[in-house]
Amino acid sequence: MSELPTTNDPRQGYPSASSMDRIAACPGSHQLITSLRSSSGGGMERARVQDEKGNIWTRRGTDIHAAFRELLLGQVPTYDSKVVEPARELVREVRTVVQVASSIFPIGAWHGEGSLLDAVGEEWMLTMETRLWATTPAGNRFSGQYDLALTNETRGLAVILDAKTGWANVEPAPSNLQLRTLLSLAHHAFGCTDALVAILQPAVAAPSQARYQPEDIEPALASIDAIVDGAYAGGALNPSLGACKYCPAKLHCDQLTLIHLMHSLRHIPADHAKALEQCELADLVSAEVRAEAKRQLAYDPASVPGWELRVSHRRAVPNTQAAYDALVNERGMSAQQFHACCKLGIGKAESTLASLLNLKVPEAKRALAAKLGDQLILTASEPSLVPINAAETDATPTTSD
Ligand code: SF4
Numbered sequence: 001m002s003e004l005p006t007t008n009d010p011r012q013g014y015p016s017a018s019s020m021d022r023i024a025a026c027p028g029s030h031q032l033i034t035s036l037r038s039s040s041g042g043g044m045e046r047a048r049v050q051d052e053k054g055n056i057w058t059r060r061g062t063d064i065h066a067a068f069r070e071l072l073l074g075q076v077p078t079y080d081s082k083v084v085e086p087a088r089e090l091v092r093e094v095r096t097v098v099q100v101a102s103s104i105f106p107i108g109a110w111h112g113e114g115s116l117l118d119a120v121g122e123e124w125m126l127t128m129e130t131r132l133w134a135t136t137p138a139g140n141r142f143s144g145q146y147d148l149a150l151t152n153e154t155r156g157l158a159v160i161l162d163a164k165t166g167w168a169n170v171e172p173a174p175s176n177l178q179l180r181t182l183l184s185l186a187h188h189a190f191g192c193t194d195a196l197v198a199i200l201q202p203a204v205a206a207p208s209q210a211r212y213q214p215e216d217i218e219p220a221l222a223s224i225d226a227i228v229d230g231a232y233a234g235g236a237l238n239p240s241l242g243a244c245k246y247c248p249a250k251l252h253c254d255q256l257t258l259i260h261l262m263h264s265l266r267h268i269p270a271d272h273a274k275a276l277e278q279c280e281l282a283d284l285v286s287a288e289v290r291a292e293a294k295r296q297l298a299y300d301p302a303s304v305p306g307w308e309l310r311v312s313h314r315r316a317v318p319n320t321q322a323a324y325d326a327l328v329n330e331r332g333m334s335a336q337q338f339h340a341c342c343k344l345g346i347g348k349a350e351s352t353l354a355s356l357l358n359l360k361v362p363e364a365k366r367a368l369a370a371k372l373g374d375q376l377i378l379t380a381s382e383p384s385l386v387p388i389n390a391a392e393t394d395a396t397p398t399t400s401d
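Residue 202 in the numbering used here sits at position 202 of the sequence shown, and the numbers go up by one each step.
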């Protein structure tokens with residue numbers, strides 16, 4: 001356990017469920033991050049926490065999780081519909097998973113109304129956003145936080161759910177290391193020997209579920225232990241898009257410097273797939289360099305000689321009706337001329353239709369397309385290079401671990 005605890009991060013610098021994929025792909029990353037944390041005196045951690053707090057997607061995820069909690073407990077949600085609707089989608093997915101659980105475990109069915117806790121039965125405990133730790137006599141070893149767990153400690157059973165509010169592709173439940181780590185932690189915590197684990201990601205797909213039966217537990221624990229052992233042993237730094245994307249060390253990692261990447265590129269001109277991955281990695285590094293410079297300039301405008309933070313302004317008319325009154329009613333522009341200057345925001349029209357007709361967004365999309373008919377046209381952009389299976393918008397991950 002060589003990692004120094006840090007004050008702001010509940011993971012305290014130890015390997016965690018959410019970093020298990022990165023550590024498995026790049027075993028050396030944990031030790032590198034540990035040494036950077038020590039040498040930055042907590043500055044690296046503060047910068048990360050500051051970034052996450054200010055991130056609109058993180059705040060959205062946090063609010064959705066809070067509304068999700070209210071709905072699961074049968075409470076009236078205190079958030080607006082933009083937050084409550086995705087939370088309701090998560091609740092629908094919980095109902096689906098609990099239905100599956102009730103076919104394999106002695107757990108009560110739940111129809112999505114009232115408190116989940118009241119429905120599942122007295123033997124079951126409901127906990128949310130709880131961090132578990134695996135410890136040894138020497139101290140903490142690794143941790144993980146689940147979004148929701150139903151546990152029956154008497155029988156060693158658990159239903160463990162991870163709720164994603166973003167659109168990033170995640171590994172399906174059977175091979176998902178975050179879920180496997182949570183299972184391992186549930187085993188450490190109360191001897192869980194049979195569990196249903198699931199990822200809820202309604203923005204992307206139906207729940208992805210996997211069951212770990214008693215015979216699966218030992219191999220699962222061993223695979224997580226091997227990854228954690230690798231983290232503490234150090235080892236090779238192994239850059240890849242999946243590992244580096246959210247790695248907090250990417251600005252400082254020798255394996256990921258632009259020079260290193262450009263050097264690699266020169267030696268693999270014929271391998272376009274590999275070369276493109278290297279380009280994506282180079283983009284990651286340059287984005288991180290820019291983000292770091294912005295952070296520094298925000299704190300100290302003289303910190304990066306020759307550069308400043310400059311806000312550019314674009315003219316906008318947020319109130320189209322007021323503009324219509326001013327130009328058509330008062331200045332003689334015809335309604336036709338006015339509308340020729342305007343563009344319909346399709347996303348906005350869809351969300352307005354969704355709340356007007358009480359539809360889910362995909363239904364509102366279909367309704368809008370049916371209503372507009374030929375008026376809705378598809379325009380093609382210049383083709384862009386997109387890695388297969390990664391075309392979806394990749395939003396910042398949720399607050400959970
Ligand atoms: S930036 Fe990439 S290669 Fe470097 S430590 Fe992180 S995951 Fe490993």
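Beta carbons: idealized from backbone N, C-alpha and C, even for Gly.
For residue i, the three-state DSSP class (helix, strand or coil)
i, result
"residue 6", "Any reading at residue 6 is ruled out, since the residue's pLDDT is 47, under 50, leaving its predicted position unreliable."
"residue 61", "helix"
"residue 201", "coil"
"residue 91", "helix"
"residue 105", "coil"
"residue 212", "strand"
"residue 398", "Low local confidence applies: a pLDDT of 39 at residue 398 is under 50, so the model's placement there is unreliable, with the coordinate-based value given in what follows. In the structure shown, residue 398 sits in coil (DSSP, three-state: anything other than H, G, I, E or B)."
"residue 378", "coil"
"residue 69", "helix"
"residue 257", "coil"
"residue 35", "helix"
"residue 364", "helix"
"residue 384", "coil"
"residue 357", "helix"
"residue 373", "helix"
"residue 22", "helix"
"residue 113", "coil"
"residue 127", "strand"
"residue 136", "strand"
"residue 195", "strand"
Contacting residues, own chain, Cβ-Cβ under 8 Å from residue i (five flanking each side not counted)
i, result
"residue 298", "309"
Exposure of residue i, with buried meaning 16 or more beta-carbon neighbours within 10 Å
i, result
"residue 311", "exposed"
"residue 3", "In this prediction, residue 3 scores a pLDDT of 39, lower than 50, which makes its location untrustworthy; the coordinate-derived value is nonetheless stated afterwards. That one is buried."
"residue 13", "buried"
"residue 318", "exposed"
"residue 76", "exposed"
"residue 386", "exposed"
"residue 346", "exposed"
"residue 376", "exposed"
"residue 332", "exposed"
"residue 166", "buried"
"residue 118", "exposed"
"residue 288", "buried"
"residue 247", "buried"
"residue 19", "buried"
"residue 341", "exposed"
"residue 143", "buried"
"residue 136", "exposed"
"residue 307", "exposed"
Spatial neighbours of residue i in its chain, beta-carbon cut-off 7 Å, leaving aside the 5 residues before and after
i, result
"residue 399", "Low per-residue confidence applies at residue 399: pLDDT is 39, beneath 50, and the placement is therefore not dependable, though the value from the model is reported in the following sentence. The residues are 58, 61, 62, 65."
"residue 91", "68, 71, 72, 112"
"residue 349", "368"
Cβ-based neighbour list, residue i, same chain, cut-off 6 Å, excluding 5 preceding and 5 following
i, result
"residue 73", "115"
"residue 157", "105, 194"
"residue 140", "14, 133"
"residue 146", "160, 182"
"residue 190", "153"
"residue 230", "27"
"residue 188", "134"
"residue 235", "27, 28"
"residue 148", "128, 161"
Check your understanding: Should the segment 286 to 298 be regarded as contacting the segment 244 to 264, the criterion being three or more beta carbon pairs within less than 8 Å?
Key -> yes
Check your understanding: Whole alpha helix (DSSP H) runs in the segment 220 to 255 with 4 or more residues, listed along the chain?
Key -> Listed in chain order, they are 241 to 244.
Review point. Is the number of C-beta pairs between the segment 195 to 204 and the segment 154 to 166 that are closer than 8 Å three or more?
Key: With a cut-off of 8 Å, the segment 154 to 166 and the segment 195 to 204 count as touching, because enough Cβ pairs lie within range.
Exercise for review: Report the residue ranges of all beta strand (DSSP E) runs contained in full by the segment 146 to 193; include only those spanning at least 3 residues, in chain order.
Suggested key: 157 to 163
Review point. Does the segment 227 to 239 come within contact of the segment 19 to 26, defined as at least 3 CB pairs closer than 8 Å?
Key: The way I'd put it, the segment 227 to 239 does touch the segment 19 to 26; three or more beta-carbon pairs between them come closer than 8 Å.
Point to revise | Inside the segment 329 to 355 only - alpha helix (DSSP H) runs reaching at least 4 residues | key: 335 to 340
Check your understanding: Is the segment 260 to 270 touching the segment 279 to 289, taking contact as three or more C-beta pairs under 8 Å?
Key -> yes
**Study point:** Contiguous alpha helix (DSSP H) assignments of at least 4 residues, all confined to the segment 263 to 333
**Key:** 272 to 299, 320 to 324
Point to revise | Three-pair Cβ contact test at 8 Å for the segment 173 to 189 versus the segment 205 to 217 | key: yes
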